[in-house]
Amino acid sequence: MMKLNSTGQLVLILVAVAYLLGVYFISSPVWMGFTINALIVAVLALSWNVTGGFGGLSSFGHAVLYGTGAYTSAILQVTYGVNAWVALVAGIAMAAAVGGFIGALAFRYGVKGSYFALVTLAFAEVFRICAASFDFTGGGSGLQLKLAPGISNIQFADRTVLYTFLLAIVVLVMLLTAWIKYSRFGAYLVAVRENEDAARALGIDTYRIKVLAMAVSGAFGGLAGVLYLQLWLFIDSSIAYGSSVSIEALIGPIIGGAGTVWGPVLGTLGLHLIGEGAKTLLSNAPGLNFVLYAVVLICALRFMPNGLVGLAGRIGPFAKKESKDA
Amino acid sequence: MLEVENLSKSFGGLKAVSNATLQVPEGSIVGLLGPNGAGKTTCFTMIAGFTKPDSGSVRLRGKDITGLAPHHICNLGMIRTFQIVQPFAGLTVEENIAVGAYLHHHERKEAMAVARDVGKRLGMGTLLDRPASALTIAGRKRLELARALATGAKLLLLDEVMAGLIPTEINEIVGIIRQIRDEGHTFLMIEHVMQAVMSLAETAYVLNQGVMIAHGTPRDLVRDPAVVEAYLGHGAAQRLQEDDHA
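Chains as they are written, first to last, in my numbering: chain A, 22 to 347; chain B, 860 to 1105.
1. Taking only the alpha-carbon atoms, compute the straight-line gap between residue 1040 of chain B and residue 1056 of chain B and give it to the nearest angstrom.
2. Pick out the complete alpha helix (DSSP H) segments inside the region 204-244 of chain A, 4 residues or longer, and give them in chain order.
3. Would you mind telling me which residues of chain B sit closer than 7 angstroms to residue 398 of chain A, beta carbon to beta carbon, in chain order?
4. Residues of chain B with a CB under 9 angstroms from the CB of residue 209 of chain A: which are they?
5. Using a Cβ-Cβ distance under 8 angstroms, would residue 196 of chain A count as near chain B?
6. Go ahead and label residue 1006 of chain B buried or exposed: buried means 16 or more other beta carbons lie within 10 angstroms of its beta carbon, across all protein chains shown.
7. What did DSSP end up calling residue 114 of chain A once you bin it into helix, strand or coil?
8. Verify the CB distance criterion: does residue 912 of chain B have a CB-CB separation below 8 angstroms to chain A?
9. Work out the CA separation of residue 99 of chain A and residue 257 of chain A for me, nearest whole Å.
10. Going by beta carbon distance, what residues of the same chain come within less than 6 angstroms of residue 1099 of chain B, once the five residues before and after it are set aside?
11. In whole angstroms, give me the CA-to-CA distance for residue 983 of chain B and residue 55 of chain A.
12. Under 8 angstroms between the Cβ atoms of residue 303 of chain A and residue 37 of chain A?
13. From the DSSP output, which residues share a beta bridge with residue 1063 of chain B?
14. Compute the Euclidean distance between the alpha carbons of residue 34 of chain A and residue 154 of chain A, then round it to the nearest angstrom.
15. What does residue 902 of chain B touch in chain A if you count any residue whose Cβ is under 9 angstroms from its own?
16. Looking at residue 142 of chain A and the ligand COA, is the gap between the Cβ and the nearest heavy atom below 7 angstroms?
17. Taking just the CA atoms, how far does residue 292 of chain A sit from residue 316 of chain A?
18. Taking residue 1069 of chain B and residue 883 of chain B to be in contact with their CB atoms under 8 angstroms, please state how far apart those CB atoms are, rounded to whole angstroms.
19. Could you tell me which chain A residues have their CB closer than 9 angstroms to the CB of residue 1098 of chain B, listed as they occur along the chain?
20. Shortest alpha-carbon distance to residue 993 of chain B belongs to which of B:961, B:867 and B:948?
21. Taking contact to mean 3 or more Cβ pairs, one atom from each stretch, closer than 8 angstroms, check whether the region 105-116 of chain A and the region 246-266 of chain A are in contact.
22. Using 8 angstroms as the cut-off, can you tell me whether the region 267-285 of chain A makes contact with the region 147-166 of chain A, which would need three or more C-beta pairs spanning the two stretches below that distance?
23. For residue 98 of chain A, report the span of its alpha helix (DSSP H) as first-last.
24. What residue from B:1060, B:1021, B:1095 and B:913 has the CA that sits closest to residue 869 of chain B's CA?
25. Please check the pair residue 1024 of chain B and residue 1000 of chain B, which I expect to be a contact at CB under 8 angstroms, by giving their CB distance rounded to whole angstroms.
26. Evaluate contact between the region 953-968 of chain B and the region 977-991 of chain B, counting only Cβ atoms and requiring at least three cross-stretch pairs below 8 angstroms.
27. Quick one: grab the DSSP three-state call for residue 282 of chain A.
28. Counting beta carbon pairs with one atom in the region 194-206 of chain A and one in the region 904-912 of chain B, are three or more of them shorter than 8 angstroms?
29. Using a Cβ-Cβ cut-off of 8 angstroms, state whether residue 221 of chain A counts as contacting chain B.
30. Using the three-state DSSP reduction, which class does residue 907 of chain B fall into: helix, strand or coil?
31. In chain order, what residues of the same chain lie with their CB nearer than 6 angstroms to the CB of residue 74 of chain A, ignoring the 5 residues before and after it?
32. Identify each residue in the region 55-76 of chain A for which the Cβ-Cβ distance to at least one residue of chain B is less than 9 angstroms, and report them in chain order.
33. Just to make sure I have the definition right: I need the residues of chain B whose C-beta is within less than 7 angstroms of the C-beta of residue 224 of chain A. Which are they?
34. Terminal residues of the continuous alpha helix (DSSP H) containing residue 143 of chain A?
35. Should residue 888 of chain B be flagged as near chain A, meaning a C-beta pair shorter than 8 angstroms?
36. So, is the C-beta of residue 938 of chain B closer than 8 angstroms to a C-beta in chain A?
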């Protein structure tokens, strides 16, 4: 699912896979719980990766997609008693629609770069305030799902089953990401990132491509939000739409390698390991993990602009494939 | 193949192009000349749909395409290149060309095959796996051409593909353009390199201060007093003539 081009990348991915499988054997609830959280964030990171990584459309408000997925599902389940699976699909669809809408609005007026980041941030904040104010979103007290373990409710009593479920979803989203990367859509999205004028000249409807990217990103982000809801059975406005969600969405891909299939997952896992380590060492000073994230982010931007995957790509590169023509 | 009629565009109070009219017959190579700031590139951006003209019309194979978006126009078979080359710097040469090829080949495999084929035809076979950012200026100009060609467009608007090249590179690209033309493509090219225009273009238009001042074969144009004056300043034609007689 990904062209490896160095020993470094191979090792990096093997370590990640070994870790993800190792969680089954360590049988430590702490590790399991921590990795489960990281996997949900990884889905969100893969969502950001579509727009921010492939398309170069750096959103600073991916919480708007995450929260919309979570709230849509929660409202449908709590207020209307809809089945969790149906609510999941609805949450994904709604988040995709919101993503497409924001994209359509922003790109119609040619918003790009840091202005696009600001627009998305503004949307996330508006949604957060609305969610805290209206009754149908539970206002300030949020929404609580009934505890009812069972596969039909997407609630898993057994952590191992839950973990397997989430792992399968991450793999699925990675497969979709790989498909995007190697499709016409992905090539066009990268072309838009690299040079929008040239892309337009080559017959690409750049507006359509960007809006589509936002919708796809919305679908992934909404999925992450729904997964969070199904795990914790509770959301409120700051959990769903808080800016910390937006930060988590972008920091993993940037550190892992934006615009790659493995980067967002590796970055998220690595960061959470660092964050968790810091929490343990520094006796649970809340919020300190974000300080550490910031330090890691600055170092990453300075020393490995292409993320972990890019850095690993420089270690022991495989021989270039032979040019077929003389 | 391409008919441009009375195209005009003003930026603020400045008339960048006024009532420009030109025709490009199928299978020909037509030059668009003029001193710096004459409005050539503005003309191109309007023809290719990047800016809307204030008035006038552009017809491609008889179909009115005035004001259509660039991607529509590209789908209809006309494409522009950029004077300041615009490679997708982070991609390889092959991937760059493939972006163009994707227009009519939706499968990655096909698009890549077309890209390799076009790349080889333009003499970039050994560069296909290189990042576009590693190319020389001549390589980048060639890449612009390759990408445009890969879209399957039949009419190519080339904006100074030879500027900044050394004579041997110019000779190479002149040969390539002639070869592409013989394969059934049509060219409208903005060019300052007279060596190239003289050897390539069958006819040429001269634009000065936004107005078409002359049209004819390149050989006639260099003797046209209006053209000489546009390039060398007022009274230059007369002075030259006097020099000849002296």
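Note that beta-carbon positions come from the ideal geometry of N, C-alpha and C, so glycine has one too.
In short:
1. 14 angstroms
2. 205-215 and 217-222
3. Since the first and last residues shown for chain A are 22 and 347, residue 398 of chain A lies out of range.
4. 958 and 961
5. no
6. Buried.
7. Helix at residue 114 of chain A.
8. no
9. So the two alpha carbons sit approximately 13 angstroms from each other.
10. none
11. Roughly 51 angstroms separates the two Cα atoms.
12. no
13. B:890 and B:1075
14. 44 angstroms
15. None at all; the shortest Cβ gap to chain A is about 15 angstroms.
16. The ligand COA is not part of the structure shown, which contains no ligands of any sort.
17. 11 angstroms
18. At roughly 19 angstroms, the Cβ-Cβ gap does not stay under 8 angstroms, so residue 1069 of chain B and residue 883 of chain B are not in contact.
19. What residue 1098 of chain B touches in chain A: nothing, since even the nearest Cβ is about 42 angstroms away.
20. B:948
21. yes
22. No: the two stretches stay apart, fewer than three of their Cβ pairs being nearer than 8 angstroms.
23. 84-101
24. B:913
25. 7 angstroms
26. yes
27. coil
28. no
29. yes
30. Note: residue 907 of chain B maps to coil in three-state DSSP.
31. 274, 279 and 280
32. none
33. Those within 7 angstroms of residue 224 of chain A in chain B are 930, 933, 934, 962 and 1010.
34. 135-154 is the span of the alpha helix (DSSP H), which, as asked, contains residue 143 of chain A.
35. no
36. yes
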